[in-house]
Amino acid sequence: MATVWWIILLIVALLAGVALGFFIARRYMMNYLKENPPINEQMLRMLMMQMGMKPSQKKINQMLAQMNKMNDK
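The sequence shown runs 28 to 100 under the working numbering.
Next comes the structure, spelled out in structure tokens:
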């Protein structure tokens, strides 16, 4: 009977570890992406120039604001 309790305890501990690991990894990635956004102003300027557009500062600011708004949702 004691063996059954050890097996149940092992399974519960494994499930708790997986769940805790998932939430810790998720929080770490959210903080990392918040501190290091994937696209910054220089990258956006280069992208627009490669597409044949002449980027104005106003247009770049609008696009960055829109991208930040989408990330906050």
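Cβ atoms here follow ideal geometry from the backbone N, Cα and C, with glycine treated the same way.
Check: Given a cut-off of 7 Å on the beta-carbon distance, is the pair Leu87 and Glu62 in contact?; Outcome: Reading off the sequence shown, one finds Ile at residue 87, where the question assumed Leu. The answer is no: Cβ separation not under 7 Å.
Check: What did DSSP end up calling Gly79 once you bin it into helix, strand or coil?; Outcome: coil
Check: Helix, strand or coil: which one does DSSP assign to Met28?; Outcome: coil
Check: Lys96 lies in the alpha helix (DSSP H); which residues open and close that run?; Outcome: Gln84 to Asp99
Check: Could you give the distance in angstroms between the alpha-carbon of Gly44 and the alpha-carbon of Trp33?; Outcome: 16 Å
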